[in-house]
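Each remark here refers to the structure printed beneath this line.
Protein chains in written order, with this note's numbering: chain E, 462 to 576; chain Z, 39 to 515.
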């Protein structure tokens, strides 16, 4: 056990030393060209990071919601016989709430690609 | 009696929230005010159910849903809070271009989360309620979508809040590992029986304190408070400073009331909470001295008040704590509604400079705001004085004299910054042209109701204390 620990210690410390020694001993000569992002030799094309519209995230959210809903349907189906008819009401209420959310998202235009 | 009867107060709130969310997409933009009235209607219905349940003492789902008087009292406090918040935000939302109808729905969802929190004895259900509350709160904080500060507040609240929730869950897991139960009374029983030092259970308790310390903004975990309070829309700030705090303290009361009496190793937690309380009172009040923004002053003042309430938890004075929370509801929401009153379309007046000369220009707002500030500082004819008096005197009876001395000194410091606002309102020449939108009947109704509450509780506290005594009785079983 202790040998194993020693192996991890040695390799870990060695790894840290090897990374750090470069930082400590290596010469630091910096110039503006060196600091620019690498762009295959050509001048840098973009001057900053521009926000990209992620239209898919709403659909992804809603997918997640209904995915989880289906996950809950499986255990419900398994115990359905044991609980009896109230089980149907429980699930109906649950799905009704989800459906309300769905209507809300729909009316708010979550599924319109071009807005 | 049917099991589901016990769910009625919470179900009413959730139904109202869902209805509002649904109506929001079908109603025209000019008619968004109706949603607020619908919310108030559902809140009143839920409140009526709570009053009807008062003497029944329901306990369902094996103690995971307790409708004892303690829970019902908190239900009523929170429902009253949300009614007030709804009324003060009716005009505010359209004036500040934040008229999203979801606002009322989110408030009701947050309320349902708080109700679940205070009405349970099971840590997992409490956590569920906390998450329902938190999710709604994050969205509420970022409601001013075109405002940078509001978005910052939402992100900050979300990141730090989920971090704190993680601590809480980890604490629950550790406690479960030690005790094999998530039920508070079973856990307390374990602490009672177990005489030797169980590191796992104690770590779990410590993590749970961190989780709730974040929600009630106790000092080492208070970093989010000023920024979130400043960035959020002002009615939401008022809600944050009262609602979640009351819920967090309710849970702490359920945990710590049996803990002090029974646990063998409660000594450690007593010292931890002692230090937290002192830090909260001192840091909250000292930092507030240097603030120039009224919302930030009120944020630090709400941190300091959490410190005073922690004194009540240390002293085991439950009725004092409930009384303090009740008074705090009236005075804090009152102060915030005075701040909200000083706004016009697209502009809120939040700098101290803006308040110069307000007392003469808008005498009603100035006068009521002054009363609320006096109450927050703890001046005699108001409820704030009695609340502090009860807490500190019961702490002295328990022999916590150093803590009380620090508390009194801290509240002496607080007088400075509360009175500074009053001095600006009455003793400075107006330097800025402050013109407000003054036709806001719902807000003035809340202002005067809060004024009534603060003065009533200060002069005739007997009636409410009677109910509070009944409410804390179930904790003592």
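By construction, the Cβ of each residue, glycine as well, lies at the ideal position given by its N, Cα and C atoms.
Between the CA atoms of residue j and residue i - distance to the nearest angstrom
i: residue 262 of chain Z; j: residue 194 of chain Z; result: 7 angstroms
i: residue 509 of chain Z; j: residue 220 of chain Z; result: 24 angstroms
i: residue 473 of chain E; j: residue 574 of chain E; result: 50 angstroms
i: residue 418 of chain Z; j: residue 519 of chain E; result: 54 angstroms
i: residue 344 of chain Z; j: residue 448 of chain Z; result: 12 angstroms
i: residue 298 of chain Z; j: residue 253 of chain Z; result: 22 angstroms
i: residue 572 of chain E; j: residue 560 of chain E; result: 15 angstroms
i: residue 451 of chain Z; j: residue 536 of chain E; result: 59 angstroms
i: residue 595 of chain Z; j: residue 179 of chain Z; result: Any property of residue 595 of chain Z remains undetermined from this structure, which presents chain Z solely from 39 to 515.
i: residue 250 of chain Z; j: residue 240 of chain Z; result: 15 angstroms
i: residue 320 of chain Z; j: residue 367 of chain Z; result: 22 angstroms
i: residue 529 of chain E; j: residue 277 of chain Z; result: 31 angstroms
i: residue 335 of chain Z; j: residue 329 of chain Z; result: 6 angstroms
i: residue 225 of chain Z; j: residue 147 of chain Z; result: 29 angstroms
i: residue 504 of chain E; j: residue 269 of chain Z; result: 41 angstroms
i: residue 284 of chain Z; j: residue 466 of chain E; result: 50 angstroms
i: residue 515 of chain E; j: residue 521 of chain E; result: 10 angstroms
i: residue 166 of chain Z; j: residue 468 of chain E; result: 45 angstroms
i: residue 372 of chain Z; j: residue 539 of chain E; result: 53 angstroms
i: residue 82 of chain Z; j: residue 112 of chain Z; result: 15 angstroms
i: residue 444 of chain Z; j: residue 386 of chain Z; result: 36 angstroms
i: residue 541 of chain E; j: residue 532 of chain E; result: 15 angstroms
i: residue 357 of chain Z; j: residue 507 of chain Z; result: 6 angstroms
i: residue 477 of chain E; j: residue 471 of chain E; result: 10 angstroms
i: residue 56 of chain Z; j: residue 50 of chain Z; result: 10 angstroms
i: residue 570 of chain E; j: residue 564 of chain E; result: 10 angstroms
i: residue 326 of chain Z; j: residue 455 of chain Z; result: 7 angstroms
i: residue 416 of chain Z; j: residue 305 of chain Z; result: 31 angstroms
Per-residue burial, residue i [other beta carbons within 10 Å of its own, 16 or more giving buried]
i: residue 479 of chain E; result: exposed
i: residue 309 of chain Z; result: exposed
i: residue 289 of chain Z; result: buried
i: residue 260 of chain Z; result: buried
i: residue 89 of chain Z; result: exposed
i: residue 136 of chain Z; result: buried
i: residue 68 of chain Z; result: exposed
i: residue 478 of chain Z; result: buried
i: residue 243 of chain Z; result: buried
i: residue 500 of chain Z; result: exposed
i: residue 404 of chain Z; result: buried
i: residue 9 of chain Z; result: For chain Z, the structure presents residues 39 to 515; residue 9 of chain Z sits outside this window and is missing.
i: residue 364 of chain Z; result: buried
i: residue 237 of chain Z; result: exposed
i: residue 489 of chain E; result: exposed
i: residue 107 of chain Z; result: buried
i: residue 362 of chain Z; result: buried
7 angstroms Cβ shell around residue i - same chain, five flanking residues per side excluded
i: residue 157 of chain Z; result: 103, 104, 105, 109
i: residue 324 of chain Z; result: 451
i: residue 142 of chain Z; result: 58, 73, 74, 77, 124
i: residue 378 of chain Z; result: 126, 130, 272, 273, 481
i: residue 181 of chain Z; result: 136, 138, 141, 188, 271, 274
i: residue 172 of chain Z; result: 199, 203
i: residue 337 of chain Z; result: 263, 264, 267, 268
Within chain E, partners of residue i - CB distance below 7 angstroms
i: residue 409 of chain Z; result: Going along chain E, no residue has its Cβ under 7 angstroms from residue 409 of chain Z, so there is no contact; the nearest lies around 42 angstroms.
Own chain, CB closer than 8 angstroms to residue i, minus 5 neighbours either side, in chain order
i: residue 140 of chain Z; result: 58, 59, 62, 177
i: residue 475 of chain Z; result: 129, 133, 381, 382, 383
i: residue 513 of chain E; result: none
i: residue 116 of chain Z; result: 149, 152, 153, 156, 281, 284, 285
i: residue 459 of chain Z; result: 332, 335, 390, 393, 407, 411
i: residue 441 of chain Z; result: 312, 315, 316, 349, 352, 433
i: residue 206 of chain Z; result: 165, 168, 245, 246, 248, 249, 250
Nonlocal neighbours in the same chain, by C-beta distance under 6 angstroms from residue i, ignoring five residues either side
i: residue 496 of chain Z; result: 419, 420, 421, 424
i: residue 257 of chain Z; result: 317, 318, 321
i: residue 392 of chain Z; result: 470, 472
Within chain E, the residues that residue i reaches when beta carbons sit closer than 8 angstroms
i: residue 59 of chain Z; result: 561, 562, 565
Proximal chain Z residues relative to residue i, where beta-carbon distance stays under 9 angstroms
i: residue 558 of chain E; result: 52, 56
Beta-carbon neighbours of residue i, restricted to chain Z and to distances below 7 angstroms
i: residue 569 of chain E; result: 63
Subject >> Stretch-stretch touch, CB-based, cutoff 8 angstroms, three pairs: the stretch 352 to 365 of chain Z with the stretch 428 to 444 of chain Z >> reply: Contact between the stretch 352 to 365 of chain Z and the stretch 428 to 444 of chain Z is present: three or more C-beta pairs spanning the two stretches fall below 8 angstroms.
Subject >> Three or more C-beta pairs below 8 angstroms linking the stretch 433 to 446 of chain Z and the stretch 485 to 504 of chain Z >> reply: No, the stretch 433 to 446 of chain Z is not in contact with the stretch 485 to 504 of chain Z.
Subject >> Inter-stretch contact at 8 angstroms, needing at least 3 Cβ pairs: the stretch 118 to 128 of chain Z / the stretch 69 to 86 of chain Z >> reply: Contact between the stretch 118 to 128 of chain Z and the stretch 69 to 86 of chain Z is present, because at least three Cβ pairs lie under 8 angstroms.
Subject >> Segment contact, 8 angstroms Cβ cut-off, at least three pairs: the stretch 395 to 410 of chain Z with the stretch 464 to 471 of chain Z >> reply: Result yes; three or more Cβ-Cβ pairs closer than 8 angstroms.
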